[in-house]
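A short worksheet on the structure shown next.
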Amino acid sequence: SQQGEEDPQALSIQEGENATMNCSYKTSINNLQWYRQNSGRGLVHLILIRSNEREKHSGRLRVTLDTSKKSSSLLITASRAADTASYFCATSRGVGANSKLTFGKGITLSVRP
Amino acid sequence: GAGVSQSPSNKVTEKGKDVELRCDPISGHTALYWYRQSLGQGLEFLIYFQGNSAPDKSGLPSDRFSAERTGGSVSTLTIQRTQQEDSAVYLCASSLARGRLGEQYFGPGTRLTVT
């Protein structure tokens, strides 16, 4: 079953605008990760935030985590056409067998040049 | 190699045939995962290998699916008597057991089409 639920399901913005994507999950987690997927193939890891962290930055990415609401958001600032892709949040419950990721269905981001 | 590799990249098979999908993880990564991504669905966990420990097979959808990992490196996912609903992209990922917790490195996937 899906753990993460992202919204919106699809987002279309103009180049230069910021893109905000949200994710909610159901059970306790050790960490939450965001991945990007181009053309329905391999996923690229973007950023990981642990359950004891509230905010993290990486370049133009900012991710927040609210464990009380079981939700996370990914902000991409100053978007570029190359950011067009599907974005997935994924949760992990820890190490070993708990390290397996549970994914949401993804958000399709289109950045218009 | 530089990253996780998978073969074949595409596989078309007839219903009822068996298929084998291969994954070469990043050298030194002891954890290996298989996921499946069906059209319109998110990614589903299938199976997890960690070193010499017994694999976590809890995500395998039926007994037609099996996987092995030889020598702690290369893994093969086998689907017997394929069905049309098995059509999907099968993704392999690997990670370090220790060190940077959680980040998984994905291969490009194998797109399986069952006709």
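So the protein sequences, as listed, match chains A and B.
Just remember that the numbering used here sits 333 ahead of the position in the first sequence, which is counted from 1.
Just remember that the numbering used here sits 11 ahead of the position in the second sequence, which is counted from 1.
Don't be surprised by glycine CBs; every beta carbon is placed ideally from N, CA and C.
Since the structure is predicted, the reported quantities are computational estimates derived from the model, not experimental observations.
- For Gly113 (chain B) against Leu381 (chain A), the beta-carbon gap comes to about 5 angstroms, under 8 angstroms, which counts as contact.
- Around the C-beta of Asp74 (chain B), fewer than 16 other C-beta atoms lie within 10 Å, and the residue is accordingly described as exposed.
- Below 8 angstroms, too few C-beta pairs join the region 398-418 of chain A and the region 78-85 of chain B to call them touching: fewer than three.
- Within the DSSP secondary-structure output, Tyr358 (chain A) pairs in no beta bridge.
- Using a CB distance cut-off of 8 angstroms, Ser361 (chain A) does not count as an interface residue toward chain B.
- At a Cβ-Cβ threshold of 8 angstroms, Leu123 (chain B) and Lys22 (chain B) count as neighbours.
- Boundaries of the beta strand (DSSP E) harbouring Ile380 (chain A): 376-383, taken from the DSSP string.
- Shown here, Ser38 (chain B) sits in coil according to DSSP, grouped into three states, outside any helix or strand.
- With contacts defined as CB atoms closer than 8 angstroms, Val30 (chain B) and Ala104 (chain B) fail to qualify as a contacting pair.
- In this structure, DSSP gives Ala414 (chain A) a helical state, which the three-state scheme calls helix.
- Close to Phe76 (chain B), with beta-carbon spacing below 7 angstroms, lies no residue of chain A; the smallest spacing is near 16 angstroms.
- At a cut-off of 8 angstroms, the C-beta of Leu71 (chain B) has no neighbouring C-beta in chain A.
- Here the alpha carbons of Glu386 (chain A) and Leu71 (chain B) stand approximately 33 angstroms from one another.
- Gln95 (chain B) carries a helical assignment under DSSP once its states are collapsed to helix, strand and coil.
- Spanning the alpha carbons of Gln115 (chain B) and Thr126 (chain B) requires a straight line of approximately 32 angstroms.
- Check the Cα spacing between Lys359 (chain A) and each of A:His390, A:Ile346, A:Gly429, A:Ser425: the tightest is with A:Ser425.
- Across the structure, Ser64 (chain B) and Leu398 (chain A) are spaced so that their CA atoms are roughly 33 angstroms apart.
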